[in-house]
Structure formats: C-alpha cells, structure tokens
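The structure appears right after this line, and notes come after that.
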Amino acid sequence: MKTKQALIDSIVEYFRVKIFEQHIQTALTVHSKLKSYNINPIVAKYLSVVIEGNYTPEGIAKALYYPRVLGTSINTSFGTRIQDMFVELGIAKGSMIKGMDIEFIDKTDNRQKWCQLKSGPNTINSEDVTPLIKKFTDTINLARTNKALAGINNTDFIVGVLYGDKSELSMHYKRIDAQHPVIVGTDFWHRVTGHTDFYNQLVSALHDTILALDTKDLLNKGCEQLANEIRTSPLFHF
12 MKTKQALIDS
22 IVEYFRVKIF
32 EQHIQTALTV
42 HSKLKSYNIN
52 PIVAKYLSVV
62 IEGNYTPEGI
72 AKALYYPRVL
82 GTSINTSFGT
92 RIQDMFVELG
102 IAKGSMIKGM
112 DIEFIDKTDN
122 RQKWCQLKSG
132 PNTINSEDVT
142 PLIKKFTDTI
152 NLARTNKALA
162 GINNTDFIVG
172 VLYGDKSELS
182 MHYKRIDAQH
192 PVIVGTDFWH
202 RVTGHTDFYN
212 QLVSALHDTI
222 LALDTKDLLN
232 KGCEQLANEI
242 RTSPLFHF
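In structure tokens, the structure reads:
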C-alpha cells in the first residue's frame with residue numbers, strides 16, 4: 012500500500028491529467044464545434060437575447076457553450092473518471108456484482124464492502140432510491156441463498172459519497188441510510204484509505220493543483236470558435 016502522501020500525489024495527478032486537462036482539451040476541440048450540439052432554435056434564440064440583449068452569433072455560442080463546458084461536460088467526466096480512478100490506482104477493485112461500482116476492505120472494521128459511488132450529498136433523485144435499495148437487498152438475499160459471501164449483512168453494502176458531510180445528506184440519501192450505510196466525505200476516504208485526515212489533505216492538494224492550471228481565455232477561445240461557425244451556418248439567420 013502506498014504511503015498517505017504518495018496516494019494523495021497519485022490521486023491529484025490523476026485529477027490533473029484525466030479530469031481537469033482532459034476537460035480543457037475537450038472544451039476547445041469538441042464543444043467549440045457546432046456539430047456537437049442538438050439545438051432548440053427557439054430556446055437558443057431566447058437565451059441569446061437574455062445573455063447579449065440581442066440575437067447574435069456570440070449570444071447563441073454562449074447559450075450553447077457555457078452550460079456544456081461549465082456543467083454537463085465536467086460533471087459527466089468527473090463521475091465516470093472517479094470510478095476508474097479507484098481501480099486504476101489500486102485503491103479499490105472493480106466490482107463483479109451488478110450495480111456496484113467498487114469493492115474494498117473497510118480499514119475501520121476490516122470487512123469487505125461493496126460500494127456504489129456518488130459524487131455529493133445531493134446527487135440522487137427520489138425515483139432512484141427504491142431501485143437502489145432493492146438492488147442491494149436482492150444481492151444480499153441471493154448471496155445468502157447460494158451460501159456465498161459468508162457472514163454478509165446490510166452494512167457491507169454501502170453508498171460512498173465522495174464529498175460533503177453527513178449532516179448535508181438529502182432526504183433521499185437518508186432513506187437509503189436507514190437500511191444501508193451512506194458513508195460521506197471524510198469518513199468514506201478514511202474507510203477506503205485507512206487515513207483519518209486523508210480527505211482534507213486531498214482537498215488542499217487539489218486546490219493547489221487547480222490554481223496552477225492554465226485556463227486563460229478558455230471560455231473566450233471556445234465561444235469565439237463556436238460563434239464563427241454559427242455566423243456562417245445555414246441554421247441561423249441574423
């Protein structure tokens with residue numbers, strides 16, 4: 012097992028290369044292209060007027076580009092890459108059980124845990140709660156029926172929330188927590204790494220890395236490229 016600092020360094024480097032720099036690259040090479048959007052012309056025109064006070068190529072570009080780059084793109088990348096990160100860096104194993112993301116030995120009780128990863132304390136919808144609980148219950152019942160996973164119990168199937176605090180959990184998470192532990196932020200990272208202060212030191216190291224990233228004119232460059240394409244596109248009439 013890596014030392015605490017070595018593990019923090021490897022996670023920070025993973026974030027820098029696989030999440031942050033990849034997001035910047037994609038913002039300039041993919042999201043700046045008109046073909047990457049399915050456009051609602053009515054909404055796009057309205058948002059252009061909201062943003063620019065008029066119907067302009069720049070307004071349309073901002074209406075398309077900003078939500079993609081500042082919302083959908085980075086959130087999707089974060090969710091996908093985080094699961095890969097735990098496995099690639101040897102922090103946990105990919106789970107063979109349907110619906111579980113990772114498996115690891117909980118460093119606080121030395122028991123095997125099957126974990127579904129979530130980003131933050133409000134990142135689950137009400138309609139997802141019952142299916143998630145059912146998935147956990149069905150897996151446990153099947154394991155007991157087949158005499159597999161000896162000694163398994165409800166507390167071995169968990170939801171791991173990467174950031175936040177237990178007090179910030181939404182009511183949807185609290186429903187899950189009544190049957191299966193929802194482990195949040197500092198506690199989650201302690202259990203998966205064995206270091207009690209790991210989460211805060213990781214956040215601090217990530218902060219330093221983020222401040223060192225070169226994002227100068229990122230939004231302006233991407234919007235300008237997209238606006239130039241919009242200006243000559245037959246889809247729009249200015």
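Quick note: the sequence shown uses this note's numbering, first residue 12, plus one each step. The beta carbon of each residue, even a glycine, is placed where N, CA and C say it ideally should be.
Aspartate 117 sits close to arginine 202, with the two beta carbons spaced by under 8 Å. DSSP places glutamine 123 in the strand class (E or B) of the three-state scheme.
Closest in alpha carbon position to histidine 248, among Asp188, Ala55, Thr148, is Ala55. For glutamate 114, the pairing in a beta bridge is given by DSSP as Lys104, Trp125. Taking C-beta separations shorter than 6 Å and ignoring five residues to either side along the sequence, the partners of cysteine 234 in its chain run Ala72, Lys73, Tyr76, following chain order. Within 10 angstroms of the beta-carbon of alanine 189 lie fewer than 16 other beta-carbons, which makes it exposed.
DSSP, read as helix, strand or coil, puts phenylalanine 97 in helix. The beta strand (DSSP E) runs of length 3 or more contained entirely in the segment 172-202 are, from start to end of the chain, 193-195. In the assembly as shown, aspartate 139 is an exposed residue. Its beta-carbon has fewer than 16 other beta-carbons within 10 Å. Each residue's CA atom was taken as its position, placing lysine 46 and threonine 156 some 52 Å apart.
Taking cysteine 126 as reference, the option from Ser178, Ile102, Phe31 with the minimal CA-CA separation is Ile102. In the DSSP assignment, no residue is bridged to isoleucine 151.
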